[in-house]
Amino acid sequence: MSIRRSARAFAPASVGNVGVGFDILGHALDAVGDVVVASRSDMPGVSVTDISGVVADLPTIVERNTAGRAVQSMWDDMQPGFGVTLAIEKGIPLGSGMGGSAASAVAAVVAANALLPEPIDLDGLFPYALIGEAVASGSVHADNVAASLFGGLVYAYAAGDGDVRNARVPVPAGLQCVLVHPHCEIQTRDARLALNADVALPIAVEHSANLAGVMLACHSGDLELLRRSLRDVLVEPQRAHLVPGFAKVKQAALAAGALGCSLSGSGPSLFAWAETTFARDIATAMSRVFASDKMACDVWVSAIDAPGARLTEQVE
1 MSIRRSARAF
11 APASVGNVGV
21 GFDILGHALD
31 AVGDVVVASR
41 SDMPGVSVTD
51 ISGVVADLPT
61 IVERNTAGRA
71 VQSMWDDMQP
81 GFGVTLAIEK
91 GIPLGSGMGG
101 SAASAVAAVV
111 AANALLPEPI
121 DLDGLFPYAL
131 IGEAVASGSV
141 HADNVAASLF
151 GGLVYAYAAG
161 DGDVRNARVP
171 VPAGLQCVLV
181 HPHCEIQTRD
191 ARLALNADVA
201 LPIAVEHSAN
211 LAGVMLACHS
221 GDLELLRRSL
231 RDVLVEPQRA
241 HLVPGFAKVK
251 QAALAAGALG
261 CSLSGSGPSL
271 FAWAETTFAR
281 DIATAMSRVF
291 ASDKMACDVW
301 VSAIDAPGAR
311 LTEQVE
């Protein structure tokens, strides 16, 4: 059996929550992501040796790094008999609402897994990536991790009793996601502090109806139902003020033909679902609003049913 000395893996960014699915829905973005190179080491244990890219000022202490913690938990279980070093190349901005902490953890376990004599499948890697991502968010949240690892639109839920569920959700044909990232930062933990734990019953009912409507629309391909349902009445009203110009950008997206528009994860990025015909015009409309407010931004247009994490190189 050949011994792989190093492996390089890419894990895509992701849209968490998808408006109506707070902490339970996410989908991959094929336009941007993180890369981790895992290399076999004669020194025991796990170490983070290099961090580069759009974010370099991250902790290299394994227990405080999402990639390092994910692989450490994996190594503790697998006991492979050799160490591993991790080099992280960040393509996802920090605090962007694009699942950067999840992507690093996912890319790390996929790369490190390739070094094992008997690699495990993606379902087996999922719990380790969840452990890693929790370093950044403070607790286990499965939506971004599942989307980045498995790809596509996913339902994912990590219950308090350790029950972790995930399932792929079909995406209607001919749809794309527009993602706009303004150059400001919101930390996930801070965004969670903005949320009220008590929800009025009418809001809970409307939110449930919208979530059910989106899921039904995704299975049936009913775009009119999707347009009526892709509205966040639960979290967005409490977090929108954290993003300068949010209301104007959202209105521009809807006026340009978006089926729905909301925060990506905890923000400040916004996502919009759109028919492919309108996607580029929507991207232009959203970015113009930020530009008019002197806010620089990045714009990506991606498939919603985008592929998940994958190996891009292996060296024996």
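Those letters in the sequence shown? Residues 1 to 316, by our numbering. The beta-carbon is built from N, C-alpha and C at its ideal position, and this holds for glycine as well.
Cβ pair Ala156, Ala146 closer than 9 Å: yes
Paired residues, beta bridge with Tyr157 - DSSP: Arg165
Residue ranges of each alpha helix (DSSP H) within the region 242-311, 4 or longer: 246-255, 276-292
Bounding residues of the alpha helix (DSSP H) (the contiguous stretch that carries Asp317): Because residue 317 is not part of the residues shown, which for the chain are 1 to 316, the question remains open.
Sub-9 Å separation of Ala13 and Val36 beta-carbons: no
Pair within 9 Å by beta-carbon distance, Ala240 and Ala285: no
Pick from Gln72, Pro237, Ile186 that is closest to Ala112, judged by C-alpha positions: Gln72
Boundaries (first-last residue) of the alpha helix (DSSP H) holding Leu225: 223-229
As assigned by DSSP and simplified to three states, the class of Ala136: helix
Test item: CB-CB of Gly132 and Ser101 under 9 Å: yes
Burial state of Asp293 (16 or more Cβ within 10 Å): exposed
Helix, strand or coil at Phe126 according to DSSP, with G and I counted as helix: helix
Identity of the residues DSSP links to Ile51 by a beta bridge: Ile88
Cβ contact check for the region 177-187 and the region 257-273: 3 or more pairs under 8 Å: yes
Simplified DSSP assignment, three categories, for His207: helix
Collapsed DSSP secondary structure at Cys177 in the structure displayed: strand
N- and C-terminal bounds of the alpha helix (DSSP H) containing Phe150: 143-150
Extent of the continuous alpha helix (DSSP H) run through Arg4: That residue, Arg4, is in no alpha helix (DSSP H); it is neither H nor E in DSSP.
Under the three-state DSSP convention, the category Leu29 falls into: strand
Beta-carbon spacing of Glu185, Leu94 below 9 Å: yes
Counted within 10 angstroms of its Cβ, other Cβ atoms place Ile61 as buried (16 or more) or exposed: exposed
Beta-carbon proximity check, Phe278 vs Gly257, cutoff 9 Å: yes
Residues of its chain near Asp34, where Cβ-Cβ distance is below 6 Å and the 5 sequence neighbours each way are ignored: Ala11, Lys90, Gly91, Ile92, Ala103, Ser104, Ala107
C-beta atoms of Val289 and Leu153 nearer than 9 Å: no
7 Å CB neighbourhood of Leu234 in its chain, flanking five on each side removed: Phe22, Val199, Ile203, His207
Anticipated Cβ contact below 8 Å, Ser269 with Met98, distance rounded: 6 Å
Test item: CB-CB of Val164 and Pro127 under 9 Å: yes
Assumed close pair Gly83, Gly45 - CB separation to whole angstroms, cut-off 8 Å: 5 Å
Alpha-carbon spacing of Ala28 relative to Gly162, whole angstroms: 24 Å
From Asp57, Leu58, Ala114, Ala255, residue whose alpha carbon lies closest to that of Trp75: Ala114
Inter-residue spacing [alpha-carbon to alpha-carbon] between Leu216 and Asp222: 8 Å
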